[in-house]
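Position 448 of the sequence shown, counting from 1, maps to 448 under UniProt numbering, and the rest follow consecutively. Glycine included, C-beta positions come from ideal geometry on N, C-alpha and C.
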Amino acid sequence: MSFAYEEPQGPGGETRQSAGGDVAVMTTQQGVPVSDNQNSLKQGARGPTLLEDFHFREKMFHFDHERIPERVVHARGYAAHGYFELTDSLADVTRADVFQRVGEKTPAFVRFSTVAGSKGSVDLARDVRGFAVKLYTQEGNWDLVGNNIPVFFIQDAMKFPDLIHAAKPEPDRAFPQAQTAHDNFWDFISLTPESFHMIMWAMSDRAIPRSFRTMEGFGVHTFRLLDAQGRSTFVKFHWKPKQGLQSVLWNEAVKINGADPDFHRRDLWDAINSGDYPEWELGVQLFDDAFAESFDFDVLDATKLIPEELVPVRVVGRLVLDRVVDNFFAETEQVAFCTQNVPPGIDFSNDPLLQGRNFSYLDTQIKRLGGPNFTHIPINAPKCPMHHFQQDGHMAMRNPKGRANYEPNSWGPTDGGPREDPARGFTTFEEVADGPKQRIRSETFADHYSQARQFFVSQTPIEQKHIGDALVFELSKVERPDIRLRTLSHLLNVDEGLAATVADGLGMALPDRARAACAPITDLPPSEKLSIVRNGPATFKGRKLGILLTDGADAKLFAALVKAIEKEGAVYEVIAPKIAGVTLSDGKTVAAKQKIDGGPSVLYDAVALVVSAEGAALLANDAPAKDFVTDAFAHCKFIGFSAEAQPLFAKAGIADDLDEACLPLTSARDATAFLEACRTLRHWPRELEVDLDAQ
Ligand code: HDD
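Spelled out as structure tokens, the structure:
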């Protein structure tokens, strides 16, 4: 994607020669060549600056207007280009052009985001992640504006402003930033029982993903697919990462935020630029009215999912991100996703959250991007032909040509402009709706706890522990005991064991359980797909090993490690006492990517300590080196180490605790075995030894 402005050119179209050689000459926005970009125009060397200085005024005026309002939610985000390739035709159920021809690629732009934090907030906030996909199909843009969690906090869009106000910094004090751990959020949540299914997800490790590349995406709502006859099939959309699911630990997230607040965006940038293109499968759950009728819950209720055991996910395509943006503002910041952007063959359901979103997104873009012509911005413009009579407005770039700007008209086929086409055009499912106008919540939305419980019982024990820990952490930041108690009263309806754990963690007695809006539908069976740990990767591919090196470290061992990493498709960074690098045992120098203070182990999926005896002795006196080892151990990471590293373990206080995920590295074979062991990502049993909450 190119800039809106072209490179300045000379009058004859040639690039102008600057005094310095073959460099384009700087110009004003009007194309006037600039002679001096260092000094304003003055009356004498020490005199006042002159109003006449149009270069200064233009430069300053433009700078003063550089900012646009940040998104009211999902302000912090990062995006990339790629494509969607159809692998299984859906022509049997939809006429959507994008789902017709197997092998065809559709250009895509995908923006990931956090919800609550402002634009400059940290990447590892505990938060839902946005997963917004724009597909530039041949029959118009399709925006699937989803999240990495398949359900939502609320059922009716009417409550969205309240939810977001409660989650954002409190209005009088303007903190806390990018956190739900405060009174207003939990006050709202504890008064909104429908949110408890989503709360289970938000308190799970889903809300602290290792990478955008290791999280799922969901369209959340039930949509409709329509065939050429207008017949409807319900659909839910899923994006499944080929990289497998992976998250970090909360204690790790807190430290990552300090060490590298851009952890996720850097990860995406690095992966794509190194040719390791992230990829997701597009899966669909297709179902009909009969299923919808028989399902325990209402398919229009966005606080419910349909377990994959009930309706399997059919994989129909793949999404590949293979190009970073040329310019963050032009593309990532100005991209405007709108849920109402659907091409013929895809339609909405009556989900009241979706219906409300269809108003909100268009509305917000007008405010954010300054007018109705945001579709003229290249990142938002469809890549298929467009013909209509909409005109003028701020920043209009391409008004229709010719005399006719209305229809019907009698200017004939060449000058009269476009006409509607009932056969090809977008059609809406002819759903029959009847009933009194009323402000009401359907009784079919009333079960708030059954699926929350199903999610909880579907987690592995370590994941269940993390949910308990997260709830204790968040509620410990809540000042009002009554809000904590009210939250506990709902948790009792989700899982008594969980409620007891959280009450114990808070040091509070359990209250009575909250009165439920209806009796729980049923004790639902666990669903495999809801766990991250059960759906992790099979390899260490795309993961990052941190290698702590010192002068005199074993060169052969380092070379063997690098070879094993490359074979696995993983990457590594060298961390050293000095950024200039280290001289290994063979006399060769290896540059460091990080000085030890700037490369804590939280930035890596696993670590290797390849040190000499002198190096280890030196590092044993260094606090960051101690933290490097202590944290790697506490975060259940695999640790490979040369024999000389022992003093570091002693300093970190774990010399007697080393377990089977701490692997000695003495030979090339050890290096391979270590990388293979790292495929497990974490040695979870260790957490029970190192965490007070687990004892
Ligand atoms: Fe939303 C942005 C996802 C409910 C109103 N939303 C936004 C983005 C994502 C989502 C990923 C960022 C898009 C981007 O990267 O530019 N939102 C969701 C999901 C929801 C949801 C998955 C529930 C299923 N949202 C929701 C409701 C409303 C909104 C109920 C209002 C009625 N959302 C907005 C918004 C935003 C937005 C205010 C802010 C910036 C923007 O739209 O472009 O209109």
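With distances taken Cα to Cα, identify the nearest neighbour of D657 among V690, A404, A452. The shortest C-alpha separation from D657 is found at V690.
Would you give the residue range spanned by the alpha helix (DSSP H) that N257 belongs to? That run of the alpha helix (DSSP H) goes 250-259.
Measuring straight from C-alpha to C-alpha, what distance separates I68 and V472? Roughly 38 angstroms separates the two Cα atoms.
Any idea if A538 is buried or exposed, counting beta-carbon neighbours within 10 angstroms, 16 or more meaning buried? A538 is exposed by the Cβ-count criterion.
Inter-residue spacing [alpha-carbon to alpha-carbon] between R129 and R314: One alpha carbon belongs to R129, the other to R314, and they sit about 24 angstroms apart.
Mind checking who K240 pairs with in its DSSP beta bridge? Answer is E281.
Simplified DSSP assignment, three categories, for T214: T214 sits in a helix when the DSSP states are folded into three classes.
Q454: buried (16+ other C-beta within 10 angstroms of its C-beta) or exposed? So Q454 counts as buried.
For N358, does the three-state DSSP call read helix, strand or coil? Under the three-state reduction of DSSP output, N358 falls in the helix class.
Across the region 92-104 and the region 342-359, are there enough close Cβ pairs to call them in contact, namely three or more that are closer than 8 angstroms? Three or more beta-carbon pairs separated by less than 8 angstroms link the region 92-104 to the region 342-359, which places the two stretches in contact.
In whole angstroms, what separates the C-alpha of N184 from that of T487? Whole-angstrom Cα-Cα distance: 13 angstroms.
Got a sec: is the Cβ-Cβ distance from S204 to anything in chain C below 8 angstroms? The structure shown contains no chain C, having only a single protein chain.
For the alpha helix (DSSP H) that G416 lies in, which residues bound it at each end? Careful: G416 lies outside any alpha helix (DSSP H) and carries neither H nor E.
Pick helix, strand or coil for N141, following the three-state DSSP scheme. DSSP places N141 in strand when its eight states are reduced to three.
Three or more C-beta pairs below 8 angstroms linking the region 106-118 and the region 317-337: Touching, yes, given that three or more Cβ pairs across the two stretches are closer than 8 angstroms.
Is L249 closer than 8 angstroms to T214 when the C-beta atoms are compared? In this structure, L249 does not lie closer than 8 angstroms to T214 by Cβ.
The ligand HDD heavy atom lying under 7 angstroms from the CB of A157: At least one heavy atom of the ligand HDD is nearer than 7 angstroms to the Cβ of A157, so yes.
One question on the structure: do D322 and G82 come within less than 8 angstroms of each other, judged by their Cβ atoms? Yes, Cβ-Cβ distance for D322 and G82 is below 8 angstroms.
Any heavy atom of the ligand HDD closer than 7 angstroms to the beta-carbon of F131? Indeed, a heavy atom of the ligand HDD lies less than 7 angstroms from the Cβ.
Can you tell me which residues form a DSSP beta bridge with T487? Checking the DSSP bridge columns, you'll see T487 has no partner listed.
Using a threshold of 8 angstroms, state whether the C-beta atoms of F445 and D495 are closer than that. The Cβ atoms of F445 and D495 do not sit closer than 8 angstroms to each other.
Heavy atom of the ligand HDD less than 7 angstroms from the Cβ of L135, yes or no? Not under cutoff, so the answer is no.
Can we say the region 635-648 touches the region 672-686, given the rule of at least three CB pairs closer than 8 angstroms? Result yes; three or more Cβ-Cβ pairs closer than 8 angstroms.
Could you tell me which whole alpha helix (DSSP H) segments of length 4 or greater appear in the region 155-203? Taking 4 residues as the minimum length, the alpha helix (DSSP H) runs contained wholly in the region 155-203 are 160-167, 183-190, 196-202, in order along the chain.
Does DSSP put E479 in a helix, a strand or coil? In this structure, E479 counts as coil in the three-state DSSP scheme.
Alpha carbon to alpha carbon, how far is A181 from H448? Give it in angstroms, no decimals. Taking the straight line joining both Cα atoms gives about 22 angstroms.
Go to K651, then tell me how far its alpha helix (DSSP H) extends in each direction, as first and last residue. Where K651 is concerned, the enclosing alpha helix (DSSP H) stretches over 646-652.
Among the candidates K255, Y572, G103, H490, whose CA atom is the shortest distance from the CA of D627? Distances from the alpha-carbon of D627 to those of K255, Y572, G103, H490 put K255 closest.
Taking just the CA atoms, how far does G317 sit from E431? Their Cα atoms are separated by approximately 29 angstroms.
Presumed contact (8 angstroms Cβ cut-off) between A576 and L603, rounded CB distance: Not a contact, Cβ separation roughly 14 angstroms.
Residue nearest to Q365 in terms of C-alpha spacing, selected from E279, P352, L353, N380: Nearest to Q365 by alpha-carbon distance, out of E279, P352, L353, N380, is N380.
Secondary structure, alpha helix (DSSP H): runs of 4+ residues fully inside the region 559-635: Runs found: 613-619, 623-634.
Three-way DSSP call (helix, strand, coil) for A555 in this model: If DSSP states are grouped into helix, strand and coil, A555 belongs with the helices.
Give the DSSP bridge partners of K42, in chain order. The beta-bridge partner set that DSSP reports for K42 consists of T49.
If I'm right that V299 touches F218 with Cβ under 8 angstroms, what's the distance once you round it to whole angstroms? At roughly 14 angstroms, the Cβ-Cβ gap does not stay under 8 angstroms, so V299 and F218 are not in contact.
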